[in-house]
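Numbering (my numbering), first residue to last: 109 to 292.
The C-beta atom is built at its ideal place from N, Cα and C for all residues, glycine as well.
Owing to the predicted nature of the structure, the values given are computational and were not obtained by experimental measurement.
Working notes for the structure below.
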Ligand SMILES: [Mg+2]
Ligand SMILES: [Zn+2]
């Protein structure tokens with residue numbers, strides 16, 4: 109992996125614990141241990157961070173965009189308190205039946221990162237927990253890292269470029285590759 113300067117991070121199963129009935133309220137949102145620190149570490153090492161998340165619970169009427177924004181403000185402020193920053197949260201609110209272009213495995217949210225924020229997708233890395241994340245990364249030309257804290261417990265068959273245990277290990281891998289590139 110060449111040194112990525114932008115890291116695109118899935119939310120549920122990577123930063124936040126997966127709930128089979130969706131994370132519908134701020135109170136239901138359980139941040140995975142060490143996730144905030146890992147994100148802050150990346151940011152402090154000069155990486156741009158974007159969260160890229162399917163939230164069909166909005167389209168299903170199980171939660172609202174406002175409540176999802178509150179969750180994202182919480183994640184943002186916790187990362188800020190650790191000295192880092194998340195640049196933006198890109199959200200697909202649609203259900204599979206809506207046939208949108210942004211719901212992963214489609215790469216629409218990644219194209220939004222490119223078009224709105226000037227992200228170079230070919231040098232970006234995406235960290236996700238599901239095969240759909242890896243497919244979206246591939247379709248957009250990003251390097252992919254699968255973590256095993258969510259939907260995929262083994263990583264088999266997802267075709268990810270890298271597979272690690274959790275977001276902390278993903279961050280270690282990214283920072284190690286940045287280090288290597290800056291070496292003699
Ligand atoms: Mg996920
Ligand atoms: Zn969508």
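Residue range of the alpha helix (DSSP H) that residue i falls in?
| i | result |
| --- | --- |
| residue 240 | 239–248 |
| residue 227 | From DSSP, residue 227 is part of no alpha helix (DSSP H); its letter is neither H nor E. |
| residue 123 | No alpha helix (DSSP H) holds residue 123; DSSP gives it neither H nor E. |
| residue 196 | Careful: residue 196 lies outside any alpha helix (DSSP H), inside the beta strand (DSSP E) at 196–200. |
| residue 167 | 164–167 |
In terms of residue numbering, what span does the beta strand (DSSP E) encompassing residue i cover?
| i | result |
| --- | --- |
| residue 252 | 251–255 |
| residue 98 | There is no way to answer for residue 98, as the model of the chain reaches only from 109 to 292. |
Where residue i and residue j are concerned, what is the direct C-alpha to C-alpha distance, given to the nearest angstrom?
| i | j | result |
| --- | --- | --- |
| residue 292 | residue 280 | Low confidence applies here, because residue 292 scores a pLDDT of 46, under 50, leaving its location unreliable; read the following figure in that light. Whole-angstrom Cα-Cα distance: 20 Å. |
| residue 181 | residue 134 | 10 Å |
| residue 288 | residue 156 | 19 Å |
| residue 278 | residue 150 | 10 Å |
| residue 146 | residue 173 | 26 Å |
| residue 166 | residue 253 | 27 Å |
| residue 206 | residue 168 | 10 Å |
| residue 137 | residue 179 | 7 Å |
Got a sec? Which residues, its chain only, sit under 7 Å from residue i by beta carbon, not counting five neighbours each side?
| i | result |
| --- | --- |
| residue 152 | 191 and 192 |
| residue 144 | 186, 187 and 190 |
| residue 261 | none |
| residue 229 | 218, 222, 248, 249 and 250 |
Below 8 Å on the Cβ atoms is my contact criterion, and I expect residue i with residue j to pass it. Report the Cβ-Cβ distance as a whole number of Å.
| i | j | result |
| --- | --- | --- |
| residue 160 | residue 218 | 7 Å |
| residue 126 | residue 258 | 5 Å |
Are the beta-carbon atoms of residue i and residue j separated by less than 9 Å?
| i | j | result |
| --- | --- | --- |
| residue 236 | residue 139 | no |
| residue 244 | residue 224 | no |
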